[in-house]
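Residues in the sequence shown are numbered consecutively from 55, following our numbering.
Below is one structure, written out as structure tokens; the observations come after it.
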Amino acid sequence: MSSAATTPPSVDKVDGFSRKSVRKAKQKRSQSSSQFRSQGKPIELTPLPLLKDVSAQEQPELFLKKLQQCCAVFDFMDTLSDLKMKEYKRSTLNELVDYVTVSRGYLTEQAYPEVVKMVSYNIFRTLPPSDSNEFDPEEDEPTLEASWPHLQGVLLKISSIPYFFTCVCSSSFSPSFLCAFHLLSYQLLELFDSEDPRERDYLKTVLHRIYGKFLGLRAFIRKQINNIFLRFVYETEHFNGVAELLEILGSIINGFALPLKAEHKQFLVKVLIPLHTVRSLSLFHAQLAYCIVQFLEKDPALTEPVIRGLLKFWPKTCSQKEVMFLGELEEILDVIEPTQFVKIQEPLFRQISKCVSSPHFQVAERALYYWNNEYIMSLIEENSNVILPIMFTSLYRISKEHWNPAIVALVYNVLKAFMEMNSTLFDELTSTYKSDRQREKKKEKEREELWKRLEDLELKRSLQSDGIIPT
């Protein structure tokens with residue numbers, strides 16, 4: 055038998071101890087949705103003259119022809135196919151963008167449906183599934199869209215011409231055409247699930263301009279964002295564009311008129327607060343916290359339901375999320391009104407007391423940093439008779455028992471601050487704590503003595519049953 059017949063087939067070895075990102079770096083990190091829409095055969099586009107090379111009378115018709123040509127979709131996963139036509143389309147898109155930014159007169163009513171059609175053909179598609187269920191946005195590189203050169207040209211076209219949205223908003227357009235923008239807005243929002251951060255960044259600009267120009271679409275856009283977040287929280291826990299949508303919401307909330315509508319308050323309590331429960335919170339927590347604070351600056355009366363909501367969803371097993379929650383709470387306390395603080399101080403500081411007692415030093419450290427905030431310190435001082443009894447036991451015990459010397463030093467500073475705020479109450483609590491500890495030690499000693507007597511009694515009975523000692 056030949057050696058070739060006995061040689062086992064080669065197999066790629068996988069090091070189980072290597073970082074996941076290192077193993078996956080060797081894999082393909084690009085994707086394309088356009089491959090599923092392409093014709094599967096070579097596409098030929100007839101070269102047209104440049105817009106600047108024809109007369110002003112010919113430009114509108116030539117502009118429409120170029121828009122129609124740009125509706126052609128290529129397969130970018132095949133890097134060798136249609137190279138000449140791909141480059142021609144890319145240059146045509148750039149030409150249209152450059153021309154639109156300097157010329158406005160040719161944008162007639164007949165041109166707008168063609169613009170919308172071209173945009174729809176190029177950017178609206180069913181997003182492909184993720185290459186791997188093991189994808190970690192915090193660790194792995196994002197999957198880039200292979201057709202980005204053309205996507206960028208289309209998105210740049212509609213994001214760089216505010217005049218486009220101004221004209222579409224004019225009353226001269228038919229209701230049926232304006233209704234098409236409902237579908238366009240919906241499809242734009244669904245595209246925020248793209249894994250390519252470049253695309254999401256352009257989409258953010260486009261959606262923000264649509265929201266600013268189309269007053270009639272604002273409620274629809276807010277409702278669709280609401281639906282995306284609810285689906286994300288309660289069904290899929292997967293949506294790539296949460297951070298970008300929250301960025302848009304931050305500016306939207308900032309523009310809300312007072313008093314806030316009931317639907318806006320419900321969105322805060324029913325949608326934004328539950329967003330804290332997802333595992334991928336770290337990817338968008340900064341934007342989420344900003345939205346929460348914006349609401350509270352608009353209506354301070356919302357402070358109590360917001361803080362109670364955060365306490366309800368407080369993480370029990372994830373220290374990283376606890377640190378994020380503590381950071382967000384400090385941002386809220388920075389803008390809280392004293393009258394609202396009184397309403398939530400007891401449940402709030404019961405939770406802070408638990409965090410201070412945490413064996414995870416980062417959680418304890420983040421909670422103790424509250425006492426470095428001058429405004430929070432002023433609130434604590436005004437209500438020290440309520441807060442000090444809640445915090446004292448944890449602080450005093452940690453000062454004697456915590457394993458981390460840095461935490462012990464911070465606790466000593468907090469105890470010193472409390473002593474300066476209300477020395478009489480501090481002395482009373484110290485005396486009570488010491489007497490309670492003495493009672494606990496006494497009970498513990500009595501319990502140990504009782505167990506010892508029981509053990510001796512059991513030993514005596516065992517020896518008697520064995521006849522070793524007389525009964």
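Built from N, CA and C at the ideal position, the CB exists for glycine as well.
- Looking at C-alpha atoms only, which residue of V360, G270, E391, G309 is the closest neighbour of V323? V360
- Message: Would F415 and L442 be called neighbours here (beta carbons separated by less than 8 Å)?
- Response: no
- DSSP-derived helix/strand/coil call for E358: helix
- Can you name, in chain order, every residue of its own chain whose Cβ lies under 7 Å from the Cβ of E376, other than the five neighbours on each side? P369, C409, V417
- Query: F575: buried (16+ other C-beta within 10 angstroms of its C-beta) or exposed?
  - Reply: The chain is shown only over 55 to 525; residue 575 falls outside these bounds and no answer can be derived.
- Whole-angstrom distance between P114 and G159, CA atom to CA atom: In this predicted model, G159 has a pLDDT of only 49, less than 50, meaning its place in the structure is not dependable enough to derive any value.
- Pairwise C-alpha distance: F379 and I327: 11 Å
- Item | Nonlocal neighbours in the same chain, by C-beta distance under 6 Å from I434, ignoring five residues either side | If we look at I434 and ignore the five residues flanking it on each side, its Cβ neighbours are I441.
- Query: How close, in whole Å, do the beta carbons of L121 and V156 come, if the pair is a contact with beta carbons under 8 Å?
  - Reply: With a Cβ gap of about 17 Å, L121 and V156 do not count as contacting.
- Item | Terminal residues of the alpha helix (DSSP H) in which P167 lies | 165 to 177
- Item | Host alpha helix (DSSP H) of K106 (start-end) | It is not in any alpha helix (DSSP H) - K106 carries neither H nor E in the DSSP assignment.
- Message: Contact defined as beta carbons within less than 8 Å: I believe L257 pairs with L242. What is the distance between those atoms, to the nearest angstrom?
- Response: 6 Å
- Item | Top-ranked residue by Cα proximity to H339, from R272, G295, E351, F178 | G295 is the residue among R272, G295, E351, F178 whose C-alpha sits nearest the C-alpha of H339.
- Query: When you compare each of F235, D255, Y240 to Q206 by their alpha carbons, which one comes out closest?
  - Reply: For Q206, the closest of F235, D255, Y240 by C-alpha to C-alpha distance is D255.
- Nearest-angstrom Cα distance between Q111 and K319? Those two C-alpha atoms are separated by around 54 Å.
- Query: Which stretch, first to last residue, makes up the alpha helix (DSSP H) that contains R333?
  - Reply: Where R333 is concerned, there is no enclosing alpha helix (DSSP H), given that its DSSP letter is neither H nor E.
- Between S407 and the rest of its own chain, which residues show a CB-CB distance below 7 Å, the 5 nearest in sequence each way excluded? I444, M445, S448
- Terminal residues of the continuous alpha helix (DSSP H) containing N437? Careful: N437 lies outside any alpha helix (DSSP H) and carries neither H nor E.
- Query: When the distance is taken between beta carbons, is T331 closer than 8 Å to I398?
  - Reply: no
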